[in-house]
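Take 109 as the starting number for the sequence shown in my numbering and just add one per residue. The structure appears right after this line, and notes come after that.
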Amino acid sequence: MNTHIKAVARGRAGNANHHLWNNNGTWWCHLTLHLPDYTKQRLRLSLKTGDLPLARHLRDSTLARFGCAVQTPTQEAA
């Protein structure tokens, strides 16, 4: 049986804001965790910022905690 939590980070080419949405001026991050019992949990986390570059950095840091990375368009071209 799988004993690890796995986060899913699927990005679309050219979409640097994947997993992000702006709710009344505050950026949020949305991701899905796949749990060991074969269920999933969706997380919606406030990034507590209105600054998009900072929100992208916080999203990347959050995903890194779960062992994921979102490829940016420049990384995909490399």
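By construction, the Cβ of each residue, glycine as well, lies at the ideal position given by its N, Cα and C atoms. It should be emphasised that the depicted structure is a prediction, and the values quoted were computed from it without experimental measurement.
Problem - residue 155 and residue 166 closer than 9 Å at C-beta - result: For residue 155 and residue 166, yes; Cβs fall inside 9 Å.
Problem - Between the CA atoms of residue 122 and residue 152 - distance to the nearest angstrom - result: 22 Å
Practice task
Return the CA-CA distance between residue 110 and residue 144, expressed in angstroms with no decimal places.
Solution key: At residue 110, the pLDDT of 47 sits below 50, so the modelled position is not reliable; the number obtained from the coordinates is stated separately. So the two alpha carbons sit approximately 5 Å from each other.
Handout entry: Close beta carbons around residue 133, own chain, < 8 Å, minus the five adjacent residues each side
Key = 158
Exercise for the section: Return the residue from the list 176, 164, 168 and 169 that minimises the CA-CA distance to residue 189. Expected result: Lying outside 109 to 186, the shown extent of the chain, residue 189 is not represented and no answer is given.
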